Amino acid sequence: MVTTIDRSQLLRLMEFEDAQVVDVLPGREYEEAHLPDAISIPLREFTAESVSILSREKPVVVYCHDGL
Amino acid sequence: MSPRAACRLEQLGFTSVYDYVDGIADWKASGLPTEGTTDQKQRVANATRPDIPTCPPDEPIDEVRTRLSAAGWEVCVVVDCDGVVIGRLHQIAMETDGELTAEQVMEPGPTTVRPDGLLQPLVDRMDHRDTPDVLVTTPQGTLIGVLFRDEAKRLLAGESPQQIWRDCDGCPGRWAATT
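Taken in sequence, the protein lines are chains A and B. Position 22 (the first sequence) corresponds to 1047 in our numbering; numbering is contiguous. Position 93 (the second sequence) corresponds to 94 in our numbering; numbering is contiguous.
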C-alpha cells in the first residue's frame, strides 16, 4: 500500500534513506522546474522498461504538481 | 497524477513507494530550492535569511530585549506555537515598559511575502515604498525568515550568497535539508 508523505518526511527520506525522487509530470514541466536530483519519468511513459532505471533496494518517492 | 504513478510502481513490484502528494507546489512555496530552466531567475527564497529572532506573544519585553541584544538584532517576529506569524516587534516597541508582553506592543498582522516569488519585482516594490525589510512565510503563514532589501540588492548585483551571508549558518547559499 502506498504511503503518502509530507515535505518533512520527504526531506528525511532524501537525507537518511537515499530515496529516489521521481517527477511524474510531463517532460516539459520537469525541464522548467523539479526537485533537486529528481528523475523524470512522466506518468504517460510509466512502463516496466522506463522504471527499470530505479533501484528496488531504495525507497521511491513520486510527486507531481500538487497530487492532482 | 502522482497517486496513479505510485500505484503503478507497486503493480510493477516496487515495495517501498511513497507519494509526496503536496508536490512541487508545496516544495516551492516552502522556499526550498529547485532545479530547471525557470529557476535561472532569483527568487525571494534566495535572499531570505532564517535567523531572525522570534518570541511568543506572552513573553515580557524585558526578556525579549535581553535576548535580542545578545543576538545583535533589533527586530523580533511574534509567532504562535505553530510558528505562524502574528506580529512583529520594532525597535521602538522595545523601548516601552519592560513588563508589557510582546503581544501588547507588537505590530499585528505585518506584511508578508511568499518565497517562490521573483526577487527583482519585490525589491522594486520595496524601493518604491521605502521598505527596508519584509517577512517571508509559507502560504499558511508559517515564518520562513526575513528578507533585507539591501542584501537582496547585493544578490541581484551578482555578489555571491557566501559573501553576503558569510556569518549566517542556514542562510541562502548554505541551504540544508532542515525544514
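A virtual CB, placed ideally from N, CA and C, is assigned to each residue, including glycine. Computed from a prediction, not measured in an experiment: that's the story for all the values here.
Based on the DSSP output, what are the partners of residue i in its beta bridges?
{"i": "residue 88 of chain B", "result": "B:79 and B:109"}
{"i": "residue 61 of chain B", "result": "B:102"}
{"i": "residue 1048 of chain A", "result": "A:1065 and A:1088"}
{"i": "residue 114 of chain B", "result": "B:137"}
{"i": "residue 1 of chain B", "result": "Residue coverage of chain B in this structure runs from 2 to 180, which leaves residue 1 of chain B outside it and unanswerable."}
{"i": "residue 44 of chain B", "result": "B:119"}
Would DSSP call residue i helix, strand or coil?
{"i": "residue 55 of chain B", "result": "strand"}
{"i": "residue 1057 of chain A", "result": "helix"}
{"i": "residue 162 of chain B", "result": "helix"}
{"i": "residue 96 of chain B", "result": "coil"}
{"i": "residue 1081 of chain A", "result": "coil"}
{"i": "residue 23 of chain B", "result": "coil"}
{"i": "residue 67 of chain B", "result": "helix"}
{"i": "residue 50 of chain B", "result": "strand"}
{"i": "residue 167 of chain B", "result": "coil"}
{"i": "residue 1041 of chain A", "result": "helix"}
{"i": "residue 172 of chain B", "result": "coil"}
{"i": "residue 1070 of chain A", "result": "helix"}
{"i": "residue 1033 of chain A", "result": "helix"}
{"i": "residue 74 of chain B", "result": "coil"}
{"i": "residue 3 of chain B", "result": "helix"}
{"i": "residue 1075 of chain A", "result": "helix"}
Going by DSSP, what residue range makes up the alpha helix (DSSP H) through residue i?
{"i": "residue 1029 of chain A", "result": "Taken as a continuous stretch (DSSP letters only), residue 1029 of chain A belongs to no alpha helix (DSSP H), being part of the beta strand (DSSP E) at 1028-1030."}
{"i": "residue 125 of chain B", "result": "120-129"}
For residue i, report the span of its beta strand (DSSP E) as first-last.
{"i": "residue 146 of chain B", "result": "144-149"}
{"i": "residue 13 of chain B", "result": "Premise fails: residue 13 of chain B is in no beta strand (DSSP E) and is neither H nor E."}
{"i": "residue 134 of chain B", "result": "134-138"}
For the ligand MN, is there a heavy atom less than 6 Å away from the beta-carbon of residue i?
{"i": "residue 1028 of chain A", "result": "Questions concerning the ligand MN fall outside what the structure shown contains, since it holds no ligand whatsoever."}
#### Entry: Cβ contact check for the region 130-150 of chain B and the region 62-73 of chain B: 3 or more pairs under 8 Å
no
### Query
Taking one C-beta from the region 76-89 of chain B and one from the region 105-119 of chain B each time, how about it: are there three or more such pairs within less than 8 Å?
yes
### Query
Looking at C-beta atoms only, is the number of pairs between the region 1031-1050 of chain A and the region 1060-1075 of chain A that lie closer than 8 Å three or more?
yes
#### Entry: Given 8 Å, three or more beta-carbon pairs between the region 14-25 of chain B and the region 1028-1040 of chain A
yes
#### Entry: the region 130-140 of chain B contacting the region 96-103 of chain B, beta-carbon criterion three pairs below 8 Å
no
### Inter-stretch contact (C-beta, 8 Å, three-pair minimum) for the region 67-78 of chain B and the region 48-58 of chain B
yes
### Task
Check whether the region 115-126 of chain B touches the region 42-50 of chain B, counting contact only when three or more Cβ pairs, one atom from each stretch, lie closer than 8 Å.
yes
### Message
Does the region 5-15 of chain B come into contact with the region 123-137 of chain B, if we say contact requires no fewer than three beta-carbon pairs (one atom in each stretch) closer than 8 Å?
### Response
no
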